[in-house]
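K.L.:
Below is one structure. I have some questions about it.
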Ligand code: GH3
Ligand code: MG
Ligand code: MG
Ligand code: MG
């Protein structure tokens with residue numbers, strides 16, 4: 001949700017009223033005014049422009065205001081975006097009738113004003129509603145930030161194990177549905193305990209950061225991701241990639257980690273290296289993602305035993 005001006009939508013079938021209300025609202029300097037002449041236009045504008053607040057006249061030429069608000073409150077209009085904010089709705093009506101007021105609020109309205117409406121009251125009510133909209137924006141920004149933090153590894157800034165587990169399950173299901181292959185690469189830094197022992201834990205941390213970046217930069221597709229799986233282990237998910245493609249990605253990762261040229265006295269040829277275990281499958285109902293993970297782990301184990309600094313499938 002971009003910060004900035006609030007978008008106010010005025011829905012009124014009388015062009016004189018639209019102009020009048022529009023001019024009144026234009027006095028608010030942090031507001032952009034959108035105008036709709038009927039319910040149909042309003043629905044298009046809501047779906048396209050996502051206004052922050054809506055003023056609805058009770059008698060529109062194509063539907064009554066209460067019906068429009070029922071449609072607005074039906075989430076389909078706004079898509080299933082979980083970050084869809086509550087849009088306050090203020091009814092305007094020239095009819096003074098408690099039942100209509102009650103119906104309007106029950107249908108999803110937040111306030112009800114009688115026409116002719118006092119400019120001072122209208123502006124005050126809008127200010128009050130926008131206060132709530134402003135708080136919602138803050139809450140959603142905090143929510144997005146928390147969500148980001150909860151899926152990122154604090155040290156290396158790549159996604160964390162939680163992200164990996166969730167994404168693996170999601171991608172397994174997606175690949176099952178779309179009948180496309182799914183590949184995994186498990187990556188483990190070689191002789192890392194000795195690196196820590198020789199160069200210190202802080203140097204170890206810096207090394208993990210550099211390795212994480214090198215791995216991440218070896219991915220070229222948006223749907224690919226590499227996460228910190230634990231300690232000095234990383235895991236890449238490659239949806240829609242077959243075994244040969246995954247081996248190619250792992251080879252690229254291997255080269256890029258070697259090109260870091262991080263000295264490691266006890267390492268292979270004096271440099272930091274990693275071992276890569278690759279596994280690939282076509283997800284099927286009788287198999288599951290854990291089996292794929294297990295297969296990648298076996299490949300990694302084999303790579304370790306075959307001498308490290310290599311990719312094995
Ligand atoms: P191998 O080649 O068989 O993988 O040997 P290794 O020494 O890399 O494997 P081992 O599992 O014995 O040691 C992993 C080391 O990684 C031990 C642990 O202290 C270190 N480590 C795990 N997480 C971190 C971290 O966040 N920072 C640092 N500096 N070290 C870490
Ligand atoms: Mg390890
Ligand atoms: Mg290791
Ligand atoms: Mg080990």
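Residue numbers (full-length UniProt numbering): 1 to 313.
Backbone N, C-alpha and C fix where the C-beta goes; we use that ideal spot for every residue, glycine too.
According to DSSP, simplified to helix, strand and coil, what is residue 36?
P.N.:
strand
K.L.:
I'd like to confirm the pairing. Which residues does DSSP put opposite residue 235 in its beta bridges?
P.N.:
When beta bridges are read from the DSSP output, residue 235 appears opposite 186 and 227.
K.L.:
Can residue 280 and residue 181 be called in contact, C-beta distance under 7 Å?
P.N.:
yes
K.L.:
Consider the C-beta atom of residue 188 and the heavy atoms of ligand 3; say whether any pair is separated by less than 6 Å.
P.N.:
yes
K.L.:
Quick check on residue 55: does DSSP put it in helix, strand or coil?
P.N.:
Correct three-state label for residue 55: strand.
K.L.:
Provide the residue span of the beta strand (DSSP E) that contains residue 281, from first to last.
P.N.:
Here the beta strand (DSSP E) through residue 281 covers 274-281.
K.L.:
Quick check on this structure: which residue in 67, 261 and 278 has the alpha carbon closest to the alpha carbon of residue 107?
P.N.:
67
K.L.:
Select from 135, 239, 127 and 215 the residue whose C-alpha is nearest the C-alpha of residue 189.
P.N.:
With distances taken between Cα atoms, residue 189 lies closest to 215.
K.L.:
If you follow the beta strand (DSSP E) that residue 209 is in, where does it begin and where does it stop?
P.N.:
No beta strand (DSSP E) contains residue 209, which is instead part of the alpha helix (DSSP H) from 201-217.
K.L.:
With contact counted as at least three CB pairs below 8 Å, one residue from each stretch, are the segment 163-182 and the segment 121-135 in contact?
P.N.:
no
K.L.:
Let me check one thing: in DSSP terms, what residues is residue 11 bridge-paired to?
P.N.:
36 and 56
K.L.:
Are at least three pairs of beta-carbons, each pair with one atom in the segment 125-132 and one in the segment 52-63, less than 8 Å apart?
P.N.:
With a cut-off of 8 Å, the segment 52-63 and the segment 125-132 count as touching, because enough Cβ pairs lie within range.
K.L.:
Would you check if the distance between the CB atom of residue 57 and the CB atom of residue 89 is smaller than 7 Å?
P.N.:
no
K.L.:
Give the straight-line distance between the Cα atoms of residue 287 and residue 43, rounded to the nearest whole angstrom.
P.N.:
Taking the CA atoms as reference points, residue 287 sits about 45 Å from residue 43.
K.L.:
Flag this pair as yes or no: are the beta carbons of residue 250 and residue 311 separated by less than 7 Å?
P.N.:
yes
K.L.:
Report whether the distance from the Cβ of residue 266 to the nearest heavy atom of ligand 1 is below 6 Å.
P.N.:
no
K.L.:
Is it right to say residue 305 is buried, meaning 16 or more other beta carbons lie within 10 angstroms of its own, or is it exposed?
P.N.:
exposed
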